[in-house]
Amino acid sequence: MRRVRARRRVAAVAVGVTTLANVALMSPALSGSAVAAPVPSAQGVKAVPAIAGDQSKSAATALLTTEQCRAQWKISCYTPNQYQQAYNLNPLYRAGVTGKGRTIVIVDSFGSPTIQHDLDVYSSRFGMKSTHVDVVKWGNVPRFDPADPSQLGWAGETTLDVEMAHAVAPDAHIVLVESGANQNGDGTTGLREMMDAEKSLIDRGVGDVISQSFGATENTFPGFRNGDFSSIENLRYAFKDAAEHKVTVLAASGDGGATNTTADGNRTYPYRVNAWPSSDPLAVSVGGTRLHLDAKGDRIAPDSVFNDEGASGGGPSHVFARPSYQTGVEQVVGDHRGTPDVSMSAALKGGAWVYSSYDPKRVGWNVFVGTSEASPLFAGIVALADQVAGHRLGDIHQALYALSAQPSRDPSTGIVDVKDGTNNSFAGVTGYTAAKGYDMATGVGTIDAARFVPALAKQG
16 MRRVRARRRV
26 AAVAVGVTTL
36 ANVALMSPAL
46 SGSAVAAPVP
56 SAQGVKAVPA
66 IAGDQSKSAA
76 TALLTTEQCR
86 AQWKISCYTP
96 NQYQQAYNLN
106 PLYRAGVTGK
116 GRTIVIVDSF
126 GSPTIQHDLD
136 VYSSRFGMKS
146 THVDVVKWGN
156 VPRFDPADPS
166 QLGWAGETTL
176 DVEMAHAVAP
186 DAHIVLVESG
196 ANQNGDGTTG
206 LREMMDAEKS
216 LIDRGVGDVI
226 SQSFGATENT
236 FPGFRNGDFS
246 SIENLRYAFK
256 DAAEHKVTVL
266 AASGDGGATN
276 TTADGNRTYP
286 YRVNAWPSSD
296 PLAVSVGGTR
306 LHLDAKGDRI
316 APDSVFNDEG
326 ASGGGPSHVF
336 ARPSYQTGVE
346 QVVGDHRGTP
356 DVSMSAALKG
366 GAWVYSSYDP
376 KRVGWNVFVG
386 TSEASPLFAG
396 IVALADQVAG
406 HRLGDIHQAL
416 YALSAQPSRD
426 PSTGIVDVKD
436 GTNNSFAGVT
446 GYTAAKGYDM
456 ATGVGTIDAA
466 RFVPALAKQG
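Note that our numbering has the sequence shown beginning at 16, numbered continuously upward.
So, in structure tokens, the structure goes:
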């Protein structure tokens, strides 16, 4: 297969996922909004799904090996089996820790009409048993139209989210919330509808961990320029409810490095910004790393910062003050909440194979990347830890930072520092360097699941 030049298109807010297709790329873009009057409205804030693009026709019916991806596309492509080896998950599986009895909630607009079939095919190909996906339709979800680019984008995001969560926690139950509001056009209504859906499930006792791959630059919310953050504050009700019910909330940190796109989606801020909900102190912000693996999934080099066609989102919030759990990293984050908290695989040069059939013209295998890959991967980790603990762990921030603070990064904590000196600079905006200890490129680092899962369960 000939390698086609990668092209990059930016939509609204760079958060979440990119996809390799004909090695054509689209940077993720998501957004949010606020509540209705008298609170300032974020109706002008746009949002689109965190993934889009076309599928590689040559790879549509057969997977390429990692070496073939490197030779033909100049990137590495990884299977869930490689991720399971890289994150040391197999010892947990042998001990019966598979996410059994726990529930992962994934929230997306529109969803995918073929999600169960696609997960079944994905699972079978990699020797995993599948799981039933409960689909909850929230609002007026339109009939799927494969000619609608927005619906195609969200279907791809949905497929990535579900398959990545399942890759880590194969026995966890998955609940997929399909919102009827299109984040690209509904502004305030769209994001509020997602928050309403999350709160409804939480109140009904559904879900142990929620994975979110959407967000908007804080600066784009009404009132921000005047220091009025009520348009963001009044969207936090679902997260507060989650904290009360011991539900863990995750959010992708973004693919724009230390910056992000403006409200119109056509430009990038020429200075450092952050995005909500990743910046919310009640959400665990999941950043991105680049894995360097061989065919078996063993590391051939330490993890580095995701920084190729996008970069791991991170930096200080301009809305939220530093939470108590980040007191120990005050010298890094300053007086404001810093992101990310932890990181998982997200780089283009180490993307994940995903199977989809929602587009009848492009059925088969594709490679997806970005922090919208990282968030559902970590959702699976939380589900495993919930199983070991025998209960929901809820907001894991205190436990995460307490483990990270142990002397000399005790290997038994399972936290693996990312400190190779790579950075998340992006679009001309200088980012942050992966250094010893906490940094705003990868957070506390990444994880060795066989050690981290029991340590988190105990600490939590």
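We put the CB at the ideal spot given by N, CA and C, even for glycine.
Own chain partners of Gly154 with C-beta closer than 7 Å, once the 5 adjacent residues on each side are dropped: Here the question's residue 154 lines up with position 139 in the sequence shown. Ser194, Gly195, Ala196, Glu208.
Hey, out of Val444, Gly460, Asp410, whose CA is closest to Glu426's CA? Here residue 426 is taken as the residue at index 411 of the sequence shown, counted from 1. In the sequence as presented, Glu is not what sits at residue 426; that position holds Pro. Just measuring C-alpha positions, the residue of Val444, Gly460, Asp410 sitting nearest Pro426 is Gly460.
Count Cβ pairs between the segment 310-317 and the segment 95-107 that sit closer than 8 Å; are there 3 or more? Flag = yes, the segment 310-317 and the segment 95-107 touch.
Let's test the definition: count the other Cβ atoms within 10 Å of the Cβ of Asp463 and tell me whether it reaches 16, buried, or not, exposed. Counted from its first residue, the sequence shown places residue 463 at position 448. Under the 10 Å beta carbon count, Asp463 is surrounded by 16 or more other beta carbons and is classified as buried.
Assess, as a yes-or-no matter, whether the segment 313-332 is touched by the segment 265-277 under the definition of 3 or more beta carbon pairs within less than 8 Å. Contact holds: three or more Cβ-Cβ distances are below 8 Å.
By Cβ distance, which residues of its chain are closer than 7 Å to Ile430, with the 5 residues on each side in sequence left out? Reading the sequence shown from its first residue, position 415 is the one you call residue 430. Around Ile430: Leu418, Ser419, Arg424, Val459, Gly460, Ile462, Phe467.
With a threshold of 7 Å on Cβ separation, who are the neighbours of Ala404 within its own chain once the five nearest residues in sequence on each side are excluded? Within the sequence shown, the letter at position 389 stands for residue 404. Excluding sequence positions up to five before and after Ala404, its CB lies within less than 7 Å of the CB of Ala472, Gly475, all in the same chain and listed in chain order.
Exposed or buried, Ser139, counting other C-beta atoms within 10 Å across all chains shown (16 or more means buried)? In the sequence shown, counting from the first residue as 1, residue 139 sits at position 124. Counting Cβ neighbours within 10 Å, Ser139 comes out exposed, since fewer than 16 surround it.
So what does DSSP say about Tyr102, is it helix, strand or coil? Position 87 of the sequence shown holds residue 102. Three-state DSSP puts Tyr102 in coil, outside helix and strand.
Which residues mark the beginning and the end of the alpha helix (DSSP H) in which Pro469 is found? Working through the sequence shown from its first residue, we reach residue 469 at position 454. In the DSSP assignment, Pro469 falls within the unbroken alpha helix (DSSP H) covering 464-474.
Minimum C-alpha distance to Ser319 - residue among Gly353, Met359, Gln341, Ser332: Here residue 319 is taken as the residue at index 304 of the sequence shown, counted from 1. Of Gly353, Met359, Gln341, Ser332, the residue nearest in Cα terms is Met359.
Is the separation between the beta-carbon of Ile225 and that of Trp291 shorter than 8 Å? As a first step, residue 225 must be located in the sequence shown, where it is residue number 210. As a first step, residue 291 must be located in the sequence shown, where it is residue number 276. No Cβ-Cβ contact shorter than 8 Å links Ile225 with Trp291.
Taking 8 Å as the threshold (C-beta atoms), are Asp401 and Arg117 in contact? Start at 1 with the first residue of the sequence shown, and residue 117 comes out as number 102. Start at 1 with the first residue of the sequence shown, and residue 401 comes out as number 386. Remark: C-beta atoms of Arg117 and Asp401 approach each other more closely than 8 Å.
Cut-off 7 Å between Cβ atoms - residues of its own chain near Asp435, not counting five sequence neighbours on either side: As a first step, residue 435 is located in the sequence shown; it is residue number 420 there, counting from the start. Cβ-Cβ distances below 7 Å link Asp435 to Pro317, Ser319, Ala449 in the same chain, with the five nearest sequence neighbours on each side left out; the list follows chain order.
On the three-state DSSP scale, how would you describe Asp149? Counted from its first residue, the sequence shown places residue 149 at position 134. Asp149: strand per DSSP, three-state reduction.
Along the chain, which unbroken stretches of the alpha helix (DSSP H) at least 4 residues long are found entirely within the segment 387-441? If we require 4 residues or more, the alpha helix (DSSP H) runs fully inside the segment 387-441 come out as 412-419.
Could you check whether the segment 122-131 touches the segment 351-368, counting it as contact only if at least three pairs of C-beta atoms, one from each stretch, sit closer than 8 Å? Flag = no, the segment 122-131 and the segment 351-368 do not touch.
Would you mind working out which of Thr457, Thr232, Met179 sits nearest Val384, comparing C-alpha positions? Within the sequence shown, numbered from 1, the residue matching residue 384 stands at position 369. Taking only the C-alpha atoms, the option nearest Val384 is Met179.
Express the C-alpha separation of Leu297 and Ala212 in angstroms, rounding to a whole number. Within the sequence shown, residue 212 is the residue found at index 197, counting from 1. Within the sequence shown, residue 297 is the residue found at index 282, counting from 1. Here the alpha carbon of Ala212 sits roughly 17 Å from the alpha carbon of Leu297.
Pairwise C-alpha distance: Ala273 and Val151: As a working mapping, residue 151 is identified with position 136 in the sequence shown. As a working mapping, residue 273 is identified with position 258 in the sequence shown. When rounded, the distance between both Cα atoms is 35 Å.
Sort out for me which residues DSSP pairs Gly330 with in a bridge. For the purposes of this step, residue 330 is taken as the residue at position 315 of the sequence shown. Answer is Thr354, bridged to Gly330.
Apart from the five residues just before and just after Asp135, which ones in its own chain have a Cβ nearer than 8 Å to its Cβ? Here residue 135 corresponds to residue number 120 of the sequence shown, with the count starting at 1. Taken in chain order, the residues that qualify are Ser145.
Per-residue DSSP class, three states only, for Thr81: Residue numbering aside, residue 81 sits at position 66 when the sequence shown is read from its first letter. Correct three-state label for Thr81: helix.
To the nearest angstrom, report how far apart Gly452 and Thr342 are at their CA atoms. For the purposes of this step, residue 452 is taken as residue 437 along the sequence shown, with counting starting at 1. For the purposes of this step, residue 342 is taken as residue 327 along the sequence shown, with counting starting at 1. Gly452 and Thr342 have their C-alpha atoms some 14 Å from each other.
Backbone CA spacing between Arg352 and Gly222 [nearest angstrom]: For the purposes of this step, residue 352 is taken as the residue at position 337 of the sequence shown. For the purposes of this step, residue 222 is taken as the residue at position 207 of the sequence shown. Computed Cα separation, rounded: 26 Å.
Do you know whose CA, among Gly220, Phe335, Thr129, Ala361, lies nearest Arg305's CA? Within the sequence shown, numbered from 1, the residue matching residue 305 stands at position 290. If we check each option's Cα against that of Arg305, Ala361 comes out closest.
Please report the straight-line C-alpha distance between Pro237 and Asp243, rounded to a whole angstrom. If you number the sequence shown from 1, residue 237 lands on position 222. If you number the sequence shown from 1, residue 243 lands on position 228. The straight-line gap from Cα to Cα measures roughly 8 Å.
To the nearest angstrom, how far is the alpha carbon of Met455 from that of Tyr447? Numbered from its first residue, the sequence shown carries residue 455 at position 440. Numbered from its first residue, the sequence shown carries residue 447 at position 432. Rounded to the nearest angstrom, the two C-alpha atoms are 6 Å apart.
By the three-class DSSP mapping on this structure, what secondary structure does Met143 have? If you number the sequence shown from 1, residue 143 lands on position 128. Residue state for Met143 is assigned as coil, using DSSP reduced to three classes.
Tell me where the beta strand (DSSP E) around Glu193 begins and ends. As a first step, residue 193 is located in the sequence shown; it is residue number 178 there, counting from the start. Unbroken beta strand (DSSP E) run through Glu193: 188-194.
Compute the distance between the beta-carbons of Val299 and Asp256, then report whether it is under 8 Å. Residue numbering aside, residue 299 sits at position 284 when the sequence shown is read from its first letter. Residue numbering aside, residue 256 sits at position 241 when the sequence shown is read from its first letter. Cβ atoms of Val299 and Asp256: not closer than 8 Å.
Roughly how many angstroms separate the alpha carbons of Val264 and Glu172, rounded to a whole number? The residue given as residue 264 occupies position 249 in the sequence shown. The residue given as residue 172 occupies position 157 in the sequence shown. Looking at the two C-alpha atoms, the distance is approximately 18 Å.
Tell me whether Tyr286 sits in a helix, a strand or coil according to DSSP, three-state version. Numbered from its first residue, the sequence shown carries residue 286 at position 271. Three-state DSSP puts Tyr286 in coil, outside helix and strand.
Does DSSP classify Val369 as helix, strand or coil? Position 354 of the sequence shown holds residue 369. It is a strand residue.
What does the alpha-carbon distance come out to for the pair Thr129 and Pro185? Here the question's residue 129 lines up with position 114 in the sequence shown. Here the question's residue 185 lines up with position 170 in the sequence shown. Rounded to whole angstroms, Thr129 to Pro185 spans 19 Å at the Cα level.
Hey, out of His188, Glu259, Arg251, Val183, whose CA is closest to Asp218's CA? Along the sequence shown, read from residue 1 onward, the residue named residue 218 stands at position 203. Relative to Asp218, the option among His188, Glu259, Arg251, Val183 whose CA is nearest is Glu259.
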